[in-house]
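Participant: Mind having a look at this structure? Questions to follow.
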Amino acid sequence: MATPFDTKDQTACGSATAASRVFGILELAEGILLYLPITDLIHVSRVSKRFQHTVAASKPLQRALFLKPLAGKTVILVKPTPGRMVFLADETSDMSVGVLGNPFVQRVMQGLNHHDDAALLRKDATWRRMLLSQPPMRRIEDKYGRKFRDDQGVKLLQALVASEKRPQWYRPNHIEAWEFFKRVKLAGDVRRIEKPLSEDDRSLHHTFHGMQLG
1 MATPFDTKDQ TACGSATAAS RVFGILELAE GILLYLPITD LIHVSRVSKR FQHTVAASKP
61 LQRALFLKPL AGKTVILVKP TPGRMVFLAD ETSDMSVGVL GNPFVQRVMQ GLNHHDDAAL
121 LRKDATWRRM LLSQPPMRRI EDKYGRKFRD DQGVKLLQAL VASEKRPQWY RPNHIEAWEF
181 FKRVKLAGDV RRIEKPLSED DRSLHHTFHG MQLG
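full-length UniProt numbering applies: residue 1 is where the sequence shown begins, and numbers increase by one.
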């Protein structure tokens with residue numbers, strides 16, 4: 001006859017088996033993990049080999065971690081008036097695109113400035129492959145006139161490093177468009193969002209003059 005201890009043990013074993021089955025199916029695992037904060041999702045790969053494989057094999061999760069670009073047409077950054085920026089779906093579009101800033105920027109900067117995080121300083125650290133934004137930018141220029149270009153999308157590392165020998169770090173708001181990027185917390189929020197241009201921006205559409213993003 002099963003004792004209460006045996007019953008609990010069997011229940012726990014059954015729960016573990018059920019969880020293993022769920023996370024063994026990529027689509028189900030994606031659906032669950034996309035509800036996590038991005039700052040938690042980045043640690044999921046450390047849980048087990050299975051989780052590591054799931055994150056590596058999933059395009060939505062890779063995009064949520066800013067490791068792969070969002071799908072979609074080229075995005076154009078334009079400046080209709082001083083102090084304003086608009087991201088267009090393409091050169092002739094009447095749709096604007098929300099551009100998301102990488103949420104790891106501040107943590108990476110603080111850790112590197114103080115040299116207090118060994119994980120950040122590793123040459124194979126994940127943040128080194130992260131895009132600065134979603135959709136990614138192909139080229140940027142900071143207020144000091146430094147330009148960075150990458151046809152695959154400007155990386156967080158490229159945007160922060162100002163010296164080849166010893167990294168010199170500066171605040172992200174030195175990048176002109178940074179304050180216009182949207183902030184994102186949950187992994188599932190990293191997606192392409194388009195909406196019609198406002199009347200003011202549409203009236204200036206033909207006078208737009210800007211640079212191309214990823």
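Even glycine gets a Cβ: it sits at the ideal position worked out from N, Cα and C.
Output needed for A187: all residues of its chain with C-beta closer than 6 Å, excluding positions within five of it in sequence on either side, in chain order.
Facilitator: As a working note, residue 187 is residue 187 in the sequence shown. L34, L36, I38, L41 and A64.
Participant: Compute the distance between the beta-carbons of P136 and P196, then report whether it is under 7 Å.
Facilitator: Stepping through the sequence shown from its first residue, residue 136 is reached at position 136. Stepping through the sequence shown from its first residue, residue 196 is reached at position 196. Against a cut-off of 7 Å, the Cβ pair of P196 and P136 comes out as no contact.
Participant: Quick one: residues in its chain with C-beta nearer than 7 Å to the C-beta of F148, no 5 flanking neighbours on either side, listed in chain order?
Facilitator: Residue numbering aside, residue 148 sits at position 148 when the sequence shown is read from its first letter. Only R139, I140, V154, Q158 and A159 meet the Cβ criterion.
Participant: In or out: V55 buried (at least 16 other Cβ within 10 Å) or exposed?
Facilitator: Your numbering for residue 55 matches position 55 in the sequence shown. The residue in question, V55, is buried, as its Cβ has 16 or more Cβ neighbours within 10 Å.
Participant: How is G72 classed by DSSP in three states: helix, strand or coil?
Facilitator: On the sequence shown, position 72 is the one that residue 72 refers to. Coil at G72, not helix or strand.
Participant: Taking the alpha-carbon of V190 as reference, which of D150, E179 and L131 has the nearest alpha-carbon?
Facilitator: Looking up residue 190 in the sequence shown gives position 190. Measuring from the Cα of V190, the nearest candidate turns out to be L131.
Participant: If I follow the unbroken beta strand (DSSP E) through K195, where does it start and stop?
Facilitator: Within the sequence shown, residue 195 is the residue found at index 195, counting from 1. E194 to P196 is the span of the beta strand (DSSP E), which, as asked, contains K195.
Participant: Grab the span of the alpha helix (DSSP H) containing F51 for me, first residue to last.
Facilitator: On the sequence shown, residue 51 is found 51 positions in, with the first residue counted as 1. Element bounds for F51: K49 to A57.
Participant: Determine the closest residue to H179 out of R84, S45, H43 and I25, with distance taken between C-alpha atoms.
Facilitator: In the sequence shown, the residue the question calls residue 179 occupies position 179. Here residue 179 is Glu; the residue named in the question, His, does not match the sequence. Of the listed residues, the one whose Cα sits closest to E179 is R84.
Participant: Grab the span of the alpha helix (DSSP H) containing V97 for me, first residue to last.
Facilitator: For the purposes of this step, residue 97 is taken as the residue at position 97 of the sequence shown. Not the alpha helix (DSSP H): V97 falls in the beta strand (DSSP E), residues M95 to V97.
Participant: Using the beta-carbon count (16 or more within 10 Å), is K165 buried or exposed?
Facilitator: Stepping through the sequence shown from its first residue, residue 165 is reached at position 165. No answer about K165 holds up, because its pLDDT of 37 lies below 50 and its placement is not dependable.
Participant: CA-CA distance, I32 and R183?
Facilitator: Position 32 of the sequence shown, counting from 1, holds the residue named residue 32. Position 183 of the sequence shown, counting from 1, holds the residue named residue 183. Each residue's alpha carbon lies about 21 Å from the other.
Participant: Where does R139 fall in DSSP's three states?
Facilitator: Within the sequence shown, residue 139 is the residue found at index 139, counting from 1. Strand.
Participant: Which same chain residues end up closer than 8 Å to G101 when comparing Cβ atoms and leaving out the 5 residues on each side of it in sequence?
Facilitator: Numbered from 1 along the sequence shown, position 101 holds the residue referred to as residue 101. Excluding positions up to five away in sequence, the list reads L132, S133, P172, W178, F181, K182, R183 and V184.
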